[in-house]
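A.B. asks:
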Amino acid sequence: MMGGYRGLGYGYDMMDGAWGGLLTLLFGLLVIAGIVLLVLWAVRASSGQGSTGSATPPPASPGHDEALAIARKRLASGEITCEQYEEIARTLAGESPPPPAS
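With the working numbering as the guide, the letters of the sequence shown map in order to residues 3 to 104.
(1) Could you say if the segment 87 to 95 and the segment 70 to 78 meet the contact criterion of at least three C-beta pairs nearer than 8 Å?
(2) With DSSP run on the structure shown, which of helix, strand or coil describes residue 83?
(3) Residue 73: buried (16+ other C-beta within 10 angstroms of its C-beta) or exposed?
(4) State the Cα-Cα distance for the pair residue 33 and residue 43, rounded to the nearest angstrom.
(5) What is the DSSP secondary structure of residue 96, reduced to helix, strand or coil?
(6) Please identify the residue among 83, 91 and 82 whose C-alpha is closest to the C-alpha of residue 68.
(7) Any idea if residue 3 is buried or exposed, counting beta-carbon neighbours within 10 angstroms, 16 or more meaning buried?
(8) Out of curiosity, what's the CA-to-CA distance linking residue 49 and residue 37?
So this is what it looks like as structure tokens:
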């Protein structure tokens, strides 16, 4: 009969003694840490806070396009000069105007 049967049949059971319990605990902690890291990665990826390193400016607001269209109409009708139009366009784009010529 098989009165002395232990696990794999070689008299060795991986879960015997303290090493088996320690390995089980370590494996469980690794699985939990992996799940936590996966959740953190998913949250960052969905919120757009990933470390892509790109510094793209925010898209222009609809008011910016409308203001530029008004400036174009004023330029076309002769109300403003080309220099004034360019200054308005630079201001709307967020650039500082050039220093005045001396």
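Glycine is no exception: its CB is placed at the ideal position from the N, C-alpha and C atoms. As the structure is a computational prediction, the values presented were derived from the model and not from experiment.
C.D. replies: According to the structure shown:
(1) yes
(2) coil
(3) buried
(4) 15 Å
(5) coil
(6) 91
(7) Low confidence applies to residue 3: its pLDDT is 48, below 50, so where it sits in the model is not reliable, and the reading given next is rough at best. Residue 3 comes out exposed.
(8) 18 Å
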